[in-house]
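> Please see the structure below; I have some questions.
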Amino acid sequence: MKQKYFYSFLLILVSYFGISQTLDQSNAPVSIGGGSFTVSPTQDIGQSFIAGLTGNLSKIDIRVGNWGSAFVAGDFQLRVIQGNGYGGTVLNSTTFSITTSPIADDYQELSIVLSSPVAVTSGNSYTIDIKGVTGTVSTHGASANYANGGLYFFNGNNAMYNSYDLWFKTFVSTPSPATHLHFDGADDYVDIPKAFTSDFTIEYWMQTTATGLTGGQWFDGSSIVNNEVGGVATDFGTSLLGSKLAFGVGSPDITILSTTDVNDGTWKHIAVTWKQSTGQMQLYINGNLEASTFGSTAARTASDFIKIGTANTFVSFFNGNIDELRIWNKVLWPSDIQSTMNCELQATESGLVAYYKFNQGFENVANASVTTLNDFTGLYNGTLSNFALSGSASNWKAGSTVVTGNTCTVLGSSDFVTENNLKIYPNPSTGIFTIESKEEITVKIYDLVGKVVKAQQMNVGINLVDISNHAAGVYFVKTFGVSGNTTTYKVIKK
Ligand SMILES: [Ca+2]
Ligand SMILES: [Ca+2]
Ligand SMILES: [Ca+2]
581 MKQKYFYSFL LILVSYFGIS QTLDQSNAPV SIGGGSFTVS PTQDIGQSFI AGLTGNLSKI
641 DIRVGNWGSA FVAGDFQLRV IQGNGYGGTV LNSTTFSITT SPIADDYQEL SIVLSSPVAV
701 TSGNSYTIDI KGVTGTVSTH GASANYANGG LYFFNGNNAM YNSYDLWFKT FVSTPSPATH
761 LHFDGADDYV DIPKAFTSDF TIEYWMQTTA TGLTGGQWFD GSSIVNNEVG GVATDFGTSL
821 LGSKLAFGVG SPDITILSTT DVNDGTWKHI AVTWKQSTGQ MQLYINGNLE ASTFGSTAAR
881 TASDFIKIGT ANTFVSFFNG NIDELRIWNK VLWPSDIQST MNCELQATES GLVAYYKFNQ
941 GFENVANASV TTLNDFTGLY NGTLSNFALS GSASNWKAGS TVVTGNTCTV LGSSDFVTEN
1001 NLKIYPNPST GIFTIESKEE ITVKIYDLVG KVVKAQQMNV GINLVDISNH AAGVYFVKTF
1061 GVSGNTTTYK VIKK
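In this note's numbering, the protein residues as written are 581 to 1074.
This is the structure:
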């Protein structure tokens, strides 16, 4: 007859069963029957072990039974202690109940899910300790020695018996390589050198449910990627302003805002651009232009540092996740933003000044040594400050929307006219041309004798112009930009 499971627990966190766990060490004895040890309100039993894996210890199985000592239903406590013996730091204390008597003179395996996972390091010693709070039960010991452990009785002397083992198993979830970094919103930040003074595009992924500080300018919000220095200066930056993404350029201080909320808990791709010659500022959310204006045309010289998670003034901090920060010394095409935002770059792309993938450390475990944010262009590593680098917050995390190792294919197309703020392709065409623009423009198409055959307003991004109902031949496309520029291109309709 199969054994039944008799036990119920106060603290079963069902979600942990969804985590893939590895049996770290089976301490099952070679033979059983070596003894039993009473766990009661006046008696602890513990055994040390050496972790075989680095990861999160989430579950411990022990053998309990009903030998000799009278069983008393009630609460029990299991502790995980740092080091060999009872004297170390208590890493976790989990209370559980046993309500029904184990089978007399036999054993059953009891799974105890820890109230929170304990980070363990391969090769380090730990001790598990079980005591009765209100209950009494027998734990099962083996006759064979277990080289990595020692059995402890809490008898006032922490006496160790080397001739017995406590039968137990430890289950460890091995950590996932991290994909991004969580900022605590209190004081976490990363300092990165700034390597440009003119045109730029800054792109990153963010995820938050926090509401940012409020005000009229980007520097009033909760800083995300920010070059802000105090006062009116040739700075710039992005922040969470209430629920919107704010992008500002200083001297004069001008801020534009996203139209969508960026703090709904889903990952959002942010791209901001500034063109020095015209002062044009643009703000894209998930590849869509949501705001643009014209601001300062002065070189960006106020500070040689950008902060991630705060500003150079340290007056605000970002609470949330950041990944895949890219800094370019040029204004990207909308199609380039859209086509590369969901994959990792090669890091050799033209104009890419600094590139941070955030694929460092391991999720939620001790990452104390991982305090440099690597720049994949090789020149501008960042430095982490004030991160916990352990546990589930203020640490390296896994599960970003940008999958590690999913690299964008190399861009490149020669079949278009490209100049300044415009691409036209294909050329020649059978009549439908794609016009991609970095700014709002009016397009007029003239035939060879100067007659306007088409006039059309274009948005930032990809637009289609159809002259397929006109004769084959040469046409001229003249564009009128909002910044006052005009340009003429020759196109051929087949
Ligand atoms: Ca990443
Ligand atoms: Ca400022
Ligand atoms: Ca912190």
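Note that the Cβ used here is the ideal one computed from N, Cα and C, for glycine as well.
Which residues, in chain order, sit with a beta-carbon under 7 Å away from any heavy atom of ligand 3?
In chain order, the hits are D764, A766, D767, D768, N966, F967, A968 and S974.
> Tell me E924's beta-bridge partners as DSSP assigns them.
One-based indexing of the sequence shown puts residue 924 at position 344. Partner(s): T987.
> Should T987 be listed as close to ligand 1, given that the test is whether its C-beta is under 7 Å from any heavy atom?
Position 407 of the sequence shown, counted from the first residue, corresponds to residue 987. Ligand 1 has no heavy atom closer than 7 Å to the beta-carbon of T987.
> Let me check understanding here. Comparing Cα to Cα, which of G875, T791 and E783 lies closest to K910?
By one-based count along the sequence shown, residue 910 stands at place 330. Residue E783 is the option with its Cα nearest to K910.
> Measure the Cβ-Cβ separation of Q1090 and S872 and say whether it is below 8 Å.
Because the chain in this structure spans residues 581 to 1074, residue 1090 falls outside the shown range and cannot be described.
> For F938, does the three-state DSSP call read helix, strand or coil?
On the sequence shown, residue 938 is found 358 positions in, with the first residue counted as 1. The answer is coil: DSSP assigns F938 none of H, G, I, E or B.
> Mark S588 as exposed unless 16 or more other C-beta atoms lie within 10 angstroms of its C-beta, in which case mark it buried.
As a working note, residue 588 is residue 8 in the sequence shown. Any reading at S588 needs caution, since the residue's pLDDT is 33, under 50, leaving its predicted position unreliable; the model's value is listed next. Per the 10 Å Cβ criterion, exposed.
> Alpha carbon to alpha carbon, what distance is there between G635 and V983?
Position 403 of the sequence shown holds residue 983. Position 55 of the sequence shown holds residue 635. Computed Cα separation, rounded: 22 Å.
> Could you tell me if T920 is buried or exposed, where buried requires 16 or more neighbouring beta carbons within 10 angstroms of its beta carbon?
Indexing the sequence shown from 1 puts residue 920 at position 340. By the 10 Å Cβ count, T920 comes out buried.
> Return the CA-CA distance between G663 and I708, expressed in angstroms with no decimal places.
If you number the sequence shown from 1, residue 663 lands on position 83. If you number the sequence shown from 1, residue 708 lands on position 128. Rounded to whole angstroms, G663 and I708 show a C-alpha spacing of 10 Å.
> Tell me, to the nearest whole angstrom, how far the beta carbon of Q1036 is from that of V1045; I am working on the premise that it is less than 8 Å.
Along the sequence shown, one-based indexing puts residue 1036 at 456. Along the sequence shown, one-based indexing puts residue 1045 at 465. Right, the Cβ-Cβ distance comes to about 6 Å (below 8 Å), so this counts as a contact.
> Using DSSP with H/G/I as helix, E/B as strand and the rest coil, what is W854?
Here residue 854 refers to the residue found at position 274 of the sequence shown. Secondary structure at W854: strand, using DSSP grouped into helix, strand and coil.
> Helix, strand or coil, according to DSSP, for S753 in the structure here?
For the purposes of this step, residue 753 is taken as the residue at position 173 of the sequence shown. In the structure shown, S753 sits in a strand (DSSP, three-state: E or B).
> For A871, list the residues DSSP reports as bridge partners.
Translated into positions along the sequence shown, residue 871 becomes position 291. A871 is bridged by DSSP to L863.
> Apart from the five residues on each side of it in sequence, which residues of its chain come closer than 6 Å, Cβ to Cβ, to T669?
For the purposes of this step, residue 669 is identified with residue 89 of the sequence shown, where counting begins at 1. Once the five neighbours on either side are set aside, the close Cβ partners of T669 are Q662.
> Can you tell me whether P832 is buried or exposed? The criterion is at least 16 other CB atoms within 10 Å of its CB, across all chains shown.
Position 252 of the sequence shown, counted from the start, is the residue given in the question as residue 832. With fewer than 16 Cβ atoms within 10 Å of its Cβ, P832 is classed as exposed.
> Buried or exposed for T1010, going by 16 or more other Cβ atoms inside 10 Å?
Position 430 of the sequence shown, counting from 1, holds the residue named residue 1010. Exposed: under 16 other Cβ atoms inside 10 Å.
> Assign V812 to one of two classes, buried (16 or more other C-beta atoms within 10 Å of its C-beta) or exposed (fewer than that).
Counting from one through the sequence shown, the residue named residue 812 turns up at place 232. V812 comes out exposed.
> So F629 and Y687 are in contact, right, with Cβ under 8 Å, and what is the actual spacing, rounded?
For the purposes of this step, residue 629 is taken as residue 49 along the sequence shown, with counting starting at 1. For the purposes of this step, residue 687 is taken as residue 107 along the sequence shown, with counting starting at 1. Contact flag wrong, Cβ pair sits at about 19 Å.
> Could you check which residue in I1042, R659, N704 and S649 has the C-alpha nearest to that of T618?
Indexing the sequence shown from 1 puts residue 618 at position 38. That would be S649, whose Cα lies nearest to the Cα of T618.
> Quick check on D800: does DSSP put it in helix, strand or coil?
Stepping through the sequence shown from its first residue, residue 800 is reached at position 220. The answer is helix: DSSP assigns D800 an H, G or I state.
> Excluding the five sequence neighbours on either side, which residues of its own chain have a C-beta within less than 8 Å of the C-beta of N646, listed in chain order?
Sequence index remark: in the sequence shown, residue 646 carries index 66 (1-based). Counting only Cβ-Cβ distances below 8 Å, and skipping sequence neighbours, we find S681, P682, I683, A684, D685, D686, V717 and S718.
> Return the CA-CA distance between R539 and Y935, expressed in angstroms with no decimal places.
Past the edges of the chain, shown from 581 to 1074, lies residue 539, and the structure says nothing about it.
> Excluding sequence positions up to five away, which residues of its chain have a Cβ less than 6 Å from the Cβ of T1068?
Stepping through the sequence shown from its first residue, residue 1068 is reached at position 488. Cβ within range, chain order: F1056 and K1058.
> Select from F1060, S677, K1034 and G1061 the residue whose C-alpha is nearest the C-alpha of N1049.
Numbered from 1 along the sequence shown, position 469 holds the residue referred to as residue 1049. When C-alpha distances from N1049 are compared across F1060, S677, K1034 and G1061, the shortest belongs to K1034.
> Under 8 Å between the Cβ atoms of D841 and S823?
In the sequence shown, residue 841 corresponds to position 261, counting from 1. In the sequence shown, residue 823 corresponds to position 243, counting from 1. Yes. Within cutoff.
> Return the bridge partner residues of F1013 from the DSSP annotation.
Taking the first residue of the sequence shown as 1, we reach residue 1013 at position 433. F1013 pairs with V1045.
> Nearest chain D C-beta to S1009 closer than 8 Å, yes or no?
Absent from the structure: chain D. Only one protein chain is present.
> Going by beta-carbon coordinates alone, are A978 and T759 separated by less than 8 Å?
Here residue 978 is taken as the residue at index 398 of the sequence shown, counted from 1. Here residue 759 is taken as the residue at index 179 of the sequence shown, counted from 1. Yes.
> Cutting at 8 Å between CB atoms, please list the residues of its own chain near V770, excluding the five before and the five after it.
Working through the sequence shown from its first residue, we reach residue 770 at position 190. Once the five neighbours on either side are set aside, the close Cβ partners of V770 are L761, K887, I888, G889, L953, G962, T963, L964 and S965.
> F734 lies in the beta strand (DSSP E); which residues open and close that run?
For the purposes of this step, residue 734 is taken as the residue at position 154 of the sequence shown. Note, F734: premise wrong, no beta strand (DSSP E); not H, not E.
> Assign G712 to buried or exposed, taking buried as 16 or more other Cβ atoms, counted over all protein chains shown, within 10 Å of its Cβ.
By one-based count along the sequence shown, residue 712 stands at place 132. Buried, since its Cβ has 16 or more Cβ neighbours within 10 Å.
> Between which two residues does the beta strand (DSSP E) carrying E783 extend?
Counting from 1 along the sequence shown, the entry for residue 783 is found at position 203. Its beta strand (DSSP E) spans residues F780 to Q787.
> Any idea what DSSP makes of Y596, helix, strand or coil?
The residue given as residue 596 occupies position 16 in the sequence shown. Because the pLDDT at Y596 is just 35, under 50, the model does not fix this residue reliably, and the value given afterwards should be weighed accordingly. If DSSP states are grouped into helix, strand and coil, Y596 belongs with the helices.
> Using the Cα positions of P755 and I836, report the straight-line distance between them to the nearest angstrom.
Here residue 755 refers to the residue found at position 175 of the sequence shown. Here residue 836 refers to the residue found at position 256 of the sequence shown. Linking P755 to I836 through their CA atoms gives a straight-line distance of about 40 Å.
> By DSSP, does S919 sit in helix, in strand, or in coil?
Taking the first residue of the sequence shown as position 1, residue 919 is located at position 339. Reduced to three states, the DSSP call for S919 is helix.
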